[in-house]
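Residue numbers (my numbering): 1 to 455. Glycine included, every Cβ here is placed at the ideal spot set by N, Cα and C. Beneath this line is the structure, given in structure tokens, with notes to follow.
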Ligand code: AMP
């Protein structure tokens, strides 16, 4: 359904702008890129995953749509990903192809010469997320999952003529931007990664977009709020924000309303394994004196032993290569996913109370400390490692640390980590003679956090 809608828009909207990021394109150009990609992908047997390595450019979008039209699952990998990690992803996914979208030029073709492979059960994309067992894991999402998400998103947000997001195309938050925007005939503005590090360029990009909607994490909103000109008289077009991915503090909402009175703010919740977001709620002023809810409970969510369990049409197919993972289960003929999130339902409101495991969100990035520990342990000279986050006064994780017992120098270890992990997963390393143990003989993370948090 959603792919058909996009195909129609590519056919009909001609010179209307479809995308602005590192470069830009119209609907006609995007259609020609997608069709060209379909032609170039012809030799690859249906259902073979294709790794798309790239940034936020029209060609990357063209390859992504080309894969979906051709019936090939794509695995988006950000071009800033170090090659060491890319190799691990390739081994995990067993990908038939890696396409470096910056190197392989698409020979444009006529969209009318292509059609869409129809099979809603097939995998449409695979998003790689941090894995506690030491390797990234791939979440396989079907076209039916994507359709279900887009229906829900449309119900929550409606259409936007210009939607602006910051998430890398390798993260599922970008799905909330790309598919609904293109299916609604809007223009997708996507902030290029290197611009995020330059506040002047980023501000100019955001203001010039004249966006109606922002799709972002609360961390990104805090970054935007450091720019004084991010306010209604400079961006009067902005009328709604879709938040997802991490805790939305009431303070962030109040600061946004100071700059943009009357702004519609929606807080959405869901893991990648349930296709971007399954629940959402519009935040109103009367909610802002306490912890904000993250959704309105319905029959697709329940709490079991304090854990949020999700069901319904958005539950992904599973992890690639491990479709039998215990996190996905069936009950009474229906599929469910154990989120690992602690939660409560009060009246009809869904609240998130943290995690049951060590997974954390840092600046919106999902991180399994266990994955970083495994990578550290695989390095020569490292005999023990404990990765933990330092929190700010409000209890939000703000930086990543690791205690390591090793024979070599910390700087050399950090350099090795950078070859294997993305920058947001590189902790500040502290060399110890041994890790502190608790009474159960396990690493005492609380002690480490307390010790380094004070520094
Ligand atoms: P990801 O798979 O990267 O989308 O991360 C999903 C996880 O982010 C969830 O399992 C939650 O732990 C957290 N999360 C997502 N949305 C929210 C929210 N609105 N409030 C609190 N935590 C959230």
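Quick check for students: name the residue ranges of the beta strand (DSSP E) that lie wholly in the segment 121-180, counting only runs of 3 or more. 123-129, 137-142, 162-165
Which parts of the segment 27-100 are runs of the alpha helix (DSSP H), unbroken and 4 residues or longer, counting only runs that do not cross its ends? 27-40, 58-70, 83-93
In the DSSP assignment, the beta strand (DSSP E) including residue 293 goes from what residue to what residue? Here residue 293 belongs to no beta strand (DSSP E), and DSSP marks it neither H nor E.
Quick check: does the Cβ of residue 241 come within less than 7 Å of any heavy atom belonging to ligand 1? Relative to ligand 1, even the nearest heavy atom lies 7 Å or more away from the CB of residue 241.
Inter-residue spacing [alpha-carbon to alpha-carbon] between residue 432 and residue 439: 19 Å
When the distance is taken between beta carbons, is residue 70 closer than 8 Å to residue 41? The answer is yes: Cβ separation under 8 Å.
Less than 8 Å separating the beta-carbons of residue 339 and residue 308? yes
Whole-angstrom C-beta distance between residue 197 and residue 364, which should lie under 8 Å: The pair is not a contact, with the Cβ atoms about 15 Å apart (cut-off 8 Å).
Segments assigned alpha helix (DSSP H), at least 4 residues, entirely inside the segment 221-268: 250-259
Would you check if the segment 273-291 and the segment 239-255 touch, i.e. whether three or more CB-CB distances between them fall below 8 Å? yes
Near residue 3, which residues of its chain fall below 6 Å by C-beta distance, leaving aside the five closest residues on each side in sequence? 68, 116
Below 6 Å CB to CB, which residues in the same chain sit around residue 214 once its five sequence neighbours on both sides are set aside? Contacts found: 164, 241.
Across the segment 146-165 and the segment 202-221, are there enough close Cβ pairs to call them in contact, namely three or more that are closer than 8 Å? yes
I want to know whether the segment 139-146 touches the segment 86-94 - three or more CB-CB distances under 8 Å. Contact between the segment 139-146 and the segment 86-94 is absent, because fewer than three Cβ pairs lie under 8 Å.
According to DSSP, simplified to helix, strand and coil, what is residue 396? Coil.
Closest to residue 227 by CA distance: which of 199, 208, 220 is it? By alpha-carbon distance to residue 227, the top candidate from 199, 208, 220 is 199.
Span of the beta strand (DSSP E) holding residue 108? Residue 108 -> no beta strand (DSSP E), and no H or E assigned at all.
What did DSSP end up calling residue 346 once you bin it into helix, strand or coil? strand
Residue 394: buried (16+ other C-beta within 10 angstroms of its C-beta) or exposed? That one is exposed.
Can you give me the start and stop residues for the beta strand (DSSP E) that residue 309 sits inside? Membership of residue 309 in the beta strand (DSSP E) is indicated by the continuous run 307-311.
Could you check what DSSP says for residue 211 in three-state terms: helix, strand or coil? coil
Selection from 233, 390, 410 that minimises the alpha carbon distance to residue 379: 410
Endpoints, the alpha helix (DSSP H) within which residue 22 is located: Run containing residue 22: none; DSSP gives neither H nor E here.
Is the separation between the beta-carbon of residue 195 and that of residue 205 shorter than 8 Å? Yes, they are a contact pair.
Between 46, 16, 61, 21, which lies nearest to residue 36 when the distance is taken from Cα to Cα? 61
Taking 8 Å as the threshold, find out whether the segment 70-86 comes into contact with the segment 123-134 through three or more Cβ pairs. Because the criterion of three Cβ pairs below 8 Å is met, the segment 70-86 and the segment 123-134 touch.
When you compare each of 186, 155, 183, 192 to residue 170 by their alpha carbons, which one comes out closest? Of the candidates 186, 155, 183, 192, the one whose C-alpha sits nearest the C-alpha of residue 170 is 192.
Closer than 7 Å: is that where the CB of residue 346 sits relative to any heavy atom of ligand 1? no
Measure from the alpha carbon of residue 137 to the alpha carbon of each residue in 425, 423, 371, 407, then state which is nearest. 371
Cα-Cα, which of 278, 259, 262 is closest to residue 268? 278
Residue 290, buried or exposed, once every other Cβ within 10 Å from all chains shown has been counted against 16: exposed
Beta carbon of residue 271: closer than 7 Å to some heavy atom of ligand 1? Result yes, Cβ under 7 Å from ligand 1.
When you compare each of 56, 31, 86, 83 to residue 66 by their alpha carbons, which one comes out closest? 31
Heavy atom of ligand 1 less than 7 Å from the Cβ of residue 268, yes or no? Yes, the beta carbon of residue 268 sits closer than 7 Å to at least one heavy atom of ligand 1.
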